[in-house]
Amino acid sequence: MTRVRFAPSPTGYLHIGGARTFIFNWLHARRQGGTVVLRIDDTDVERNTQTSLDSIFEGLQWLELGWDEIYRQSERLDLHRQAAWSIFEKGLAYRDFTPASAAEAAGGGWLFNPGMPDLARQESDRRAAAGEPFVLRFKVPRESRSEVAVQDLVYGSVSKATADLEDFALLRSNGMPTYHMASCTDDADLRITDILRGQEHLANTFKHALIFEALGAAMPRIAHLPLLMAPDGAKLSKRTHGPVVSVTTYRDAGFLPHAFVNFLSLLGWSPKNDLEKLSQSELIELFSLDGINRSNAIINFTEDDPFDPKAVWLNAEHLRALDLEELTRRLMPYVQQAGFANATPDRLRAIAPLIRERIRLLRDVGSVADFFFVEPRGYDPAELIPQKGDAAMAAQALRHAKEVLSAVSAFDHATLDAALRTAAADLKLKTGQMFQPIRVAVCGRKNAPPLFETLEVLGRDTVLTRLDFALGML
RNA sequence: GGCGCUAUCGUCUAACGGUUAGGACGGAGCCCUCUCAAGGCUCAAAUACGGGUUCGAUUCCCGUUAGCGCUACCA
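Take this note's numbering: the last position of the first sequence gets the number 479, and nothing is skipped along the way.
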C-alpha cells in the first residue's frame, strides 16, 4: 500500500511550488490507489504562525484534491526525542556542548566541533546533568564507510562522500527535534512508503539515509522533484515575488482549481503524449514518476501580468468544458465580488453561455458581463457611430431598430436576427453599420458577446430603454 | 569556497544513437464573422560551448561555462 505525505511547515503561505509538490504526491497516491498524509512540520516554534497555517489549509482546500490523514509534528515531539535518544544510546550520536555563538565564529565548512564527537560518555552525562546546554548531533561514520548512496526515482543513483557530510543536529539545545530528526522519525512511524519532495532536499537525503539506518527503519522510496523558479531563474519567494506566488492569488483571480492543478502538473512532468488539457481522471491515469524531469521549470509572470499565459489558456480551456450548471455556480462568487448585487442564478445561467468563450478567468465576468447587470452610461457617444458613417446614420439605425424591436412578435435571437437584417437592408446599411450602434447602445462598448443573443437575454424593455438613452446622446 | 544536481525554441516540453529535432503557450499573418472571442490554416523560433566514443550523436563519456540546491540549534 502506497503512502505518501505532504509536509508543509507553517512559516509562510502556501505557494505554487508547495502546491505542486502536494499535487504530485496526490497524483502518485491516487494512481497507486494509496493514501495521502498531510503532515504539518511545525517543529520550528520560532517561525510558526497560525496565519500561515490557516493560509496553507485555505490553499490546499481550494485545490479540491483532499487528503486522507493529517498529523502535526508538534504533537509527536516525544516520539522524535525518543528516537533521537535511541540513536544516542547506540553510540551513533553525541552531545555537542559548543555554544551556538562559538560555532558560528568558527565559520562554515566544518564537519564537527573540535573535541565534541569523542567526548567520553561519563563526561558528557556529567555536563548534561549539570545543566549545560547542548545540541545532539549525528556522528557521521567517516571511518567505517566512504560514501552514502541513495537511489532516487527521478535522479537515479546519487551519492556523497561521508568526508563531505557534517555532523548534523538531531535535537536543538531547547530540546526540539530538528527537521531531519522529526521528518525521518515520522516518515518511519507513519509508514510512508514514497517520498516526493522538492529537489532542495536532494542533498539532505544522505543525512536521512543515515538516520533511517540508525533507527533501524527501512528507507522509503524517494523521488525528488525539479524546482519551480521565477522568470529570472531565481527561487520563488514571498519577499521578492510577492503575492503572485501565493495559491490564493490564483483562486481570487478566478482560476478553476482543476485548471490550476492541470497547469502545475505539467511543470516538471510530462505525459509524453502531447496532451495538455487533462481532466482529473486523465491526470491520475497518466501520472508516472517516469515522466518527471530533472531540470527546474520556470513559471512565467511579470509585475503587470502575474499569471503564466499557459495557465490562463488552460483555465479558459477548462472553463469552456464546464457544464452550464457548474459554470454558473463557479461564476456566482465573482459576479457578487464585482458588485452586481442583482445577479440571480437564473439570470447568470442565461448569460453564462454568452460569455464563456470570452472569459479566461472567472473574475473576467466583472468586465465582460457588466452590462447585463448595470445600465451602460459612461460610453463615448462617438462609439455609436458606425464605420464609414456619421451621427445621422447612427441615429437612423437606432430609430429604425427601435421601431422594429418594438414591433417584433417574439424577442428571441432567431427572430431578432432576421428582423434586424431586414432592417439593415431597408436602410441600405451594411449589417455592421446597423448592428454596431445597437451594440454600443446596449452594451456600452464595441466589443461584446453576439448581439442577438444578448438582446434576447436583456429583454425588450431594457433594450428599448437603452436605445432611447443612446439616441439622447447623439 | 566545498559538495551535489541540472542544461532542447522566449516559456512548458517530446524525441529510450539514425526524425526535415515534434507538440503546446505566447508572437506574427491569413481565413471565418454583426464586434470581440472561439475555431481553422500558415510563419518565425531551440539541442550552452569544447573535446572525445561511434559508420552516425539532442541522446553516451570528459572538460568548460552557466543556473539551482545543500553546506543552520530553518524546513
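Heads up, the beta-carbon is just placed ideally off N, CA and C, and yes, glycines get one too.
With respect to R8, R196 sits close: the two C-beta atoms are nearer than 9 Å. In this structure, K407 sits away from D466, with a CB-CB distance that is not shorter than 9 Å. DSSP places E322 in the uninterrupted alpha helix (DSSP H) bounded by P314 to A326. Around the beta carbon of K144, 16 or more other beta carbons sit within 10 angstroms, so the residue counts as buried. Look at S293 here: in three-state DSSP terms it is coil, with no helix or strand label.
Restricting attention to T40, R132 and F217, the CA atom closest to the CA of A193 is found in F217. The Cβ-Cβ distance between E458 and L359 falls below 9 Å.
K240 and S162 have their C-alpha atoms some 25 Å from each other.
Cβ atoms of A108 and N118 come within 8 Å of each other, at about 6 Å. Taking the CA atoms as reference points, S284 sits about 34 Å from V155.
Between R142 and L175, the beta carbon gap of about 7 Å places them in contact (Cβ cut-off 8 Å). In terms of CA proximity to F260, L336 leads the group H85, L336 and N278.
Excluding residues up to 5 positions away in sequence, R147 lie with their Cβ nearer than 7 Å to the Cβ of A168 in the same chain. Taking 9 Å as the cut-off, the Cβ atoms of M478 and P391 do not count as close.
Per DSSP, reduced to three states, the secondary structure at D237 is coil, with no helix or strand assignment. CA-to-CA, the gap between H246 and T54 works out to about 21 Å. Within the region 60-114, complete beta strand (DSSP E) segments of at least 3 residues are found at 74-77 and 98-101, given in chain order. A straight line joining the alpha-carbon of A423 with that of L319 spans about 36 Å. Annotation for E388: no alpha helix (DSSP H) segment contains it, and DSSP assigns it neither H nor E. Fewer than three beta-carbon pairs drawn from the region 209-224 and the region 22-35 are found closer than 8 Å, and the two stretches are therefore not classed as touching. When secondary structure is reduced to three states using DSSP, E51 falls in the coil class, being assigned neither helix nor strand. Burial is judged here by how many other beta carbons sit within 10 angstroms of a residue's own beta carbon; V50 has fewer than 16 and is exposed. Per DSSP, reduced to three states, the secondary structure at S251 is strand. For H418, there is no enclosing beta strand (DSSP E); the residue is found in the alpha helix (DSSP H) stretching over H418 to D431. Rounded to the nearest whole angstrom, the C-alpha separation of M181 and F173 is 14 Å. DSSP places E458 inside the alpha helix (DSSP H), whose first and last residues are L456 to L463. Proximity to I200 across R10, R354 and V41 peaks at R10, based on C-alpha coordinates. In the three-state reduction of the DSSP assignment, D375 falls in the helix class. The three-state secondary structure of T349, taken from DSSP, is coil.
Sequence-distant Cβ neighbours of R471 in its own chain, meaning closer than 6 Å and more than five residues away, are A446 and V447.
Residue pairing for T40: DSSP places it in a beta bridge opposite R8. Secondary structure at R202: strand, using DSSP grouped into helix, strand and coil.
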